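Chemist: Please see the structure below; I have some questions.
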Amino acid sequence: MLWYHWLATLSAVICLSSCIIHTFKVIRAGKPKDYAKPSGDVSASVRYSFTGAMHPAKKESAYMHLPTYIGGLLYHMGTFLSLFLLILLSLGLYPSGILTYILVAVFSVTAVSGLAILLKRISSSQLRALSNPDDYLSNILVSLFQLATVALLLSQDFVAVYYVSASLLLLYIPLGKLKHLVYFFAARYHLGIFFGSRNVWPSKQS
Amino acid sequence: MEIITIEKKKKGLEVLSNKEDGKLQTHMNACVHCGLCANSCVYYNAMPEARFIPATKVELVSSIYRRYQTFSGKFFPSLVGARSLDDEAANEMVDLLFGACTLCGRCVTHCSIGVDISYVVKKGREMLSAMDMIPETLQSTIDAALESGNNMSIPKEEFVETLEWLEEDLQFEVNDDEAKIHLDEEGKDILYTLNPREPKFFPLSISAMAKVFHAAKESWTLSTKMYDITNYAYYSGNYKEAAVITQRLYDEVERLGAKSCVLAECGHGSRAFRWEGPNYLKKTYPFDVFTSVELLASYIREGRLKVDPAKITQKVSLHDPCNLARSGGIWKEQRYILNACVSDFVEMTPHGNDNICCGGGGGQLAMSEYNDRRMAIGKIKADQIKASGAEIIATPCHNCVDQLTQLNVTYKLGIKIMTLGEIVADAIVLENEESN
Ligand code: SF4
Ligand code: SF4
Chain Y
1 MLWYHWLATL SAVICLSSCI IHTFKVIRAG KPKDYAKPSG DVSASVRYSF TGAMHPAKKE
61 SAYMHLPTYI GGLLYHMGTF LSLFLLILLS LGLYPSGILT YILVAVFSVT AVSGLAILLK
121 RISSSQLRAL SNPDDYLSNI LVSLFQLATV ALLLSQDFVA VYYVSASLLL LYIPLGKLKH
181 LVYFFAARYH LGIFFGSRNV WPSKQS
Chain D
1001 MEIITIEKKK KGLEVLSNKE DGKLQTHMNA CVHCGLCANS CVYYNAMPEA RFIPATKVEL
1061 VSSIYRRYQT FSGKFFPSLV GARSLDDEAA NEMVDLLFGA CTLCGRCVTH CSIGVDISYV
1121 VKKGREMLSA MDMIPETLQS TIDAALESGN NMSIPKEEFV ETLEWLEEDL QFEVNDDEAK
1181 IHLDEEGKDI LYTLNPREPK FFPLSISAMA KVFHAAKESW TLSTKMYDIT NYAYYSGNYK
1241 EAAVITQRLY DEVERLGAKS CVLAECGHGS RAFRWEGPNY LKKTYPFDVF TSVELLASYI
1301 REGRLKVDPA KITQKVSLHD PCNLARSGGI WKEQRYILNA CVSDFVEMTP HGNDNICCGG
1361 GGGQLAMSEY NDRRMAIGKI KADQIKASGA EIIATPCHNC VDQLTQLNVT YKLGIKIMTL
1421 GEIVADAIVL ENEESN
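As structure tokens, this is what we get:
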């Protein structure tokens, strides 16, 4: 193993254990006790919170902002896929042939989606007002990692750059807003409980 | 600008310090600042400024949470936008969390992540309450309720007198000298509550429900001691005061031995008593609690009331109170009632769980310093009403009635605003009418 392999491994351990701690803390804290008699099906509502309620037709944040929504979706898919690829590459499993070029195309699109979202944040005065350095840095680190993945897939010369960018990203995930990786799921869960006990969800409205 | 002392600051921060609250941790950490909630909020849509984006309101609270409760906020505050709780932050919180949010919850279902924005705003209000920074106008409404037993400080004699002449009116209207408005009677099936606006300004909505109870042959009573369903401490974030108000109604149901408590047409009051109240008191109610909307629908469904839709021929639309529909799960019942009671019912767009707030919620009607904003955001509702072409707007909430009445004047809507009880009462076919 070379120094950048060690760096990435250490970063992955730190990242993973921090995320586990965040998850453990939020699970251990649990949900507040609700003394009100529920009038709906809480389990069905929690399921709905992760499924039907996430449907783009149900969310103004999706259907009123389709380009951003699609860009965000691609960007997130690229992030998960690139992290998955990191595991495979670290295990010595390299893609070959046409698959390499497909991956290059995919990550190019997802990285550009990320950069477009960054550009939107920079160019909109209202989004700038809402943003802090973490918002920019998180986007830059994720986009950079996806670009580094593209570079590595095209040439082994970028192997050090790739592992360094992966390490930076992994080290940063537990610090800033990227930890919504954990809190997204917790938020959907709590919303499901809230709306389920009051019979608001699953939505039966047309 | 109000200066906050170290003691106040400590009390405010305590609200955010509960490590055992997974919901708090979650919603304080979940916003990604995408800004996509902006267009779901009446404030932003009426006044498209960054400060009115729901996420800005979340950020006011969660940035302080980060500063004191997270590793990165403690060690790299500038990087993660963690903010100290100082005079400026606290005053900004008052302006935006009290003065620019009706707690309608519309942004919550539309948020790309699922941040419970109104929960976060309420946490912020709880902090301000702990710091003694509740707007005086709102606090005076709560004080009135705490001191006199109802938020309009109506003396008991005046209340009883009003009910006496309403009873005479009822007997005349239903042509039955035995028709009664029952007061303080023990062992009834239902203890009915009121919004103090009813005896003060809208007594006809009390007569309407009395007529409904009479026609349905209900076993019911009002209390002259504690009838107020409102609980403005729910809005202020002072949950100790909210608990005192809740406990009083709880005690009254127990004292009179009523089987159930029926909540008058009041969105926040219904929410505060039915959903939040048990948590203020830390106990599950031993009696049933339901809204008058559910009760009215059940009377019609079970045939206890006969209604004739031909009696109301004007075009009627419905405004769903946020606390009843989006946060209370009651949206079918009011539609069932209107479809049965009026001949021309039209929906607004959007409606039901996705309905647009009228602008009167969140305690806005009590905080006169924000009147201009309240009327500005209400324009969206006014436009929605105009587009529906309705002549009557029905709404099961006296707060909404009040706001809609003001919108009616300001935006020259030329509509009539009615509660569901009033609609049902107008559509009732009484037994003696049938036999005629
Ligand atoms: S949509 Fe949700 S996650 Fe995005 S800025 Fe608004 S509150 Fe935050
Ligand atoms: S709860 Fe309603 S008023 Fe408050 S920020 Fe959300 S949409 Fe706006």
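Chain order of the listed sequences is Y and D.
For the first sequence, counting from 1, position 69 maps to 69 in this note's numbering; every step adds exactly one.
For the second sequence, counting from 1, position 307 maps to 1307 in this note's numbering; every step adds exactly one.
C-beta: ideal position from N, C-alpha, C; glycine also.
All values reported here derive from a predicted model rather than from experimental measurement.
Could I get the ranges of all uninterrupted beta strand (DSSP E) runs contained in the region 1096-1148 of chain D, with 3 residues as the minimum, in chain order?
Modeler: Complete beta strand (DSSP E) runs here, min 3: none at all.
Chemist: Who are residue 1288 (chain D)'s beta bridge partners in DSSP?
Modeler: Numbered from 1 along the second sequence, position 288 holds the residue referred to as residue 1288 (chain D). Answer by DSSP bridge pairing, in chain order: D:1260.
Chemist: Applying the criterion that 16 or more other CB atoms from any shown protein chain within 10 Å of the CB defines a buried residue, is residue 1424 (chain D) buried or exposed?
Modeler: If you number the second sequence from 1, residue 1424 (chain D) lands on position 424. When all chains shown are included, residue 1424 (chain D) counts as buried.
Chemist: Hey, does residue 55 (chain Y) have any beta-carbon neighbour from chain D nearer than 8 angstroms?
Modeler: Walking along the first sequence from the start, residue 55 (chain Y) turns up at place 55. It does not; no Cβ of chain D falls within 8 angstroms.
Chemist: So, does the CB of residue 64 (chain Y) fall closer than 8 angstroms to a CB anywhere in chain D?
Modeler: Counting from 1 along the first sequence, the entry for residue 64 (chain Y) is found at position 64. By this cut-off, residue 64 (chain Y) is an interface position.
Chemist: According to DSSP, is residue 1317 (chain D) part of a helix, a strand, or is it coil?
Modeler: To locate residue 1317 (chain D), count along the second sequence from 1; it is residue 317. If DSSP states are grouped into helix, strand and coil, residue 1317 (chain D) belongs with the strands.
Chemist: Give, in chain order, every unbroken run of the alpha helix (DSSP H) that is at least 4 residues long and sits entirely within the region 65-136 of chain Y.
Modeler: You should have 66-90, 98-123 and 125-130.
Chemist: Have a look at the DSSP bridge pairing and note the partners of residue 1344 (chain D).
Modeler: One-based indexing of the second sequence puts residue 1344 (chain D) at position 344. Per DSSP, D:1315.
Chemist: Using only the heavy atoms of ligand 1, determine whether one of them is closer than 7 angstroms to the beta carbon of residue 127 (chain Y).
Modeler: If you number the first sequence from 1, residue 127 (chain Y) lands on position 127. Not so, every heavy atom of ligand 1 lies at least 7 angstroms from the Cβ.
Chemist: Is residue 113 (chain Y) close to chain D? Criterion is C-beta to C-beta, closer than 8 angstroms.
Modeler: If you number the first sequence from 1, residue 113 (chain Y) lands on position 113. False, the Cβ-Cβ gap to chain D never drops below 8 angstroms.
Chemist: Quick one: which residues of the region 1040-1052 of chain D get their C-beta closer than 7 angstroms to a C-beta of chain Y? List them in chain order.
Modeler: Listed in sequence order: 1040 and 1050.
Chemist: Between which two residues does the beta strand (DSSP E) containing residue 1416 (chain D) stretch?
Modeler: As a working mapping, residue 1416 (chain D) is identified with position 416 in the second sequence. Its beta strand (DSSP E) spans residues 1416-1418.
Chemist: In the DSSP assignment, the alpha helix (DSSP H) including residue 1026 (chain D) goes from what residue to what residue?
Modeler: Here residue 1026 (chain D) corresponds to residue number 26 of the second sequence, with the count starting at 1. Residue 1026 (chain D) -> alpha helix (DSSP H) spans 1022-1029.
Chemist: Spell out the partners DSSP gives residue 1244 (chain D) in its beta bridges.
Modeler: As a working mapping, residue 1244 (chain D) is identified with position 244 in the second sequence. Looking at the DSSP assignment, residue 1244 (chain D) forms no beta bridge with any residue, so it has no partner.
Chemist: Quick one: using the 10 Å Cβ neighbour count with 16 as the cut-off for buried, is residue 206 (chain Y) buried or exposed?
Modeler: Taking the first sequence and counting its residues from 1, one reaches residue 206 (chain Y) at position 206. A caution first: residue 206 (chain Y) carries a pLDDT of 49, below 50, which makes its placement in the model too unreliable to give a value.
Chemist: Residues of the region 1326-1348 of chain D in Cβ contact with chain Y at a cutoff of 9 angstroms, in chain order, please.
Modeler: Going along the region 1326-1348 of chain D in chain order, one finds 1326, 1327, 1328, 1329, 1330, 1331 and 1332 with a Cβ nearer than 9 angstroms to chain Y.
Chemist: Cβ of residue 1043 (chain D) within 7 angstroms of any heavy atom in ligand 2?
Modeler: What you label residue 1043 (chain D) is simply residue 43 of the second sequence in a count that begins at 1. Yes, Cβ of residue 1043 (chain D) sits closer than 7 angstroms to a heavy atom of ligand 2.
Chemist: Name the chain Y residues whose beta carbon is nearer than 9 angstroms to that of residue 1079 (chain D)?
Modeler: Numbered from 1 along the second sequence, position 79 holds the residue referred to as residue 1079 (chain D). Chain Y residues near residue 1079 (chain D): 132, 133, 134, 137, 175 and 176.
Chemist: Less than 8 angstroms separating the beta-carbons of residue 1112 (chain D) and residue 1036 (chain D)?
Modeler: What you label residue 1112 (chain D) is simply residue 112 of the second sequence in a count that begins at 1. What you label residue 1036 (chain D) is simply residue 36 of the second sequence in a count that begins at 1. Closer than 8 angstroms, so yes.
Chemist: Going by other Cβ atoms of all chains shown within 10 Å of its Cβ, with 16 needed for buried, is residue 1165 (chain D) buried or exposed?
Modeler: The count along the second sequence starts at 1 and reaches residue 1165 (chain D) at position 165. It counts as exposed.
Chemist: Flag residue 1169 (chain D) as yes if its beta-carbon sits less than 8 angstroms from any beta-carbon of chain Y, otherwise no.
Modeler: As a working note, residue 1169 (chain D) is residue 169 in the second sequence. Not an interface residue.
Chemist: Verify the contact flag: residue 1321 (chain D), CB atom, against every heavy atom of ligand 2, threshold strictly below 7 angstroms.
Modeler: Within the second sequence, the letter at position 321 stands for residue 1321 (chain D). Residue 1321 (chain D): no, Cβ never under 7 angstroms from ligand 2.
Chemist: At a CB distance below 7 angstroms, what residues from the region 1267-1301 of chain D approach chain Y? Give them in sequence order.
Modeler: Those residues of the region 1267-1301 of chain D that come within reach of chain Y (Cβ to Cβ, closer than 7 angstroms) are 1274, 1275, 1278, 1279, 1282, 1283 and 1284.
Chemist: Run the CB neighbour count on residue 79 (chain Y), radius 10 Å, all protein chains shown included, and call it buried at 16 or more, exposed below.
Modeler: Locating residue 79 (chain Y) in the first sequence gives position 79, where the first residue counts as 1. Buried, since its Cβ has 16 or more Cβ neighbours within 10 Å.
Chemist: Run through DSSP, which three-state label would residue 1089 (chain D) get?
Modeler: One-based indexing of the second sequence puts residue 1089 (chain D) at position 89. DSSP places residue 1089 (chain D) in helix when its eight states are reduced to three.
Chemist: Along the chain, which unbroken stretches of the beta strand (DSSP E) at least 3 residues long are found entirely within the region 1193-1224 of chain D?
Modeler: Listed in chain order, the complete beta strand (DSSP E) runs (minimum 3 residues) inside the region 1193-1224 of chain D are 1220-1222.
Chemist: Give me the DSSP bridge partner(s) of residue 1046 (chain D).
Modeler: Residue 1046 (chain D) sits at position 46 when you count from the first residue of the second sequence. Its beta-bridge partners do not exist; DSSP assigns none.
Chemist: Looking only at DSSP bridge pairs, what is residue 140 (chain Y) linked to?
Modeler: Residue 140 (chain Y) sits at position 140 when you count from the first residue of the first sequence. For residue 140 (chain Y), which the question treats as bridged, DSSP gives no partner whatsoever.
Chemist: Along chain D, in chain order, which residues have C-beta atoms closer than 8 angstroms to that of residue 61 (chain Y)?
Modeler: Residue numbering aside, residue 61 (chain Y) sits at position 61 when the first sequence is read from its first letter. Correct list: 1034, 1036, 1037, 1040, 1110, 1111 and 1112.
Chemist: For residue 1393 (chain D), list the residues DSSP reports as bridge partners.
Modeler: Here residue 1393 (chain D) refers to the residue found at position 393 when the second sequence is read from its first residue. In the DSSP output, where bridge partners are listed per residue, residue 1393 (chain D) has D:1317 and D:1417.
Chemist: Could you have a look at residue 1428 (chain D) and say whether DSSP puts it in helix, strand or coil?
Modeler: Counted from its first residue, the second sequence places residue 1428 (chain D) at position 428. Note: residue 1428 (chain D) maps to strand in three-state DSSP.
Chemist: Straight-line CA distance for residue 1194 (chain D) to residue 1216 (chain D)?
Modeler: Residue mapping note: residue 1194 (chain D) aligns to position 194 of the second sequence, counting from 1. Residue mapping note: residue 1216 (chain D) aligns to position 216 of the second sequence, counting from 1. Computed Cα separation, rounded: 19 angstroms.
Chemist: Residue 1114 (chain D): beta carbon under 7 angstroms from a heavy atom of ligand 2?
Modeler: As a first step, residue 1114 (chain D) is located in the second sequence; it is residue number 114 there, counting from the start. No, the Cβ of residue 1114 (chain D) stays beyond 7 angstroms of every heavy atom of ligand 2.
Chemist: Does the distance from the CB of residue 1181 (chain D) to the CB of residue 1258 (chain D) come in under 8 angstroms?
Modeler: In the second sequence, counting from the first residue as 1, residue 1181 (chain D) sits at position 181. In the second sequence, counting from the first residue as 1, residue 1258 (chain D) sits at position 258. No, they are not a contact pair.
Chemist: What do you reckon, is the C-beta of residue 1062 (chain D) under 7 angstroms from a heavy atom of ligand 2?
Modeler: On the second sequence, position 62 is the one that residue 1062 (chain D) refers to. Not under cutoff, so the answer is no.
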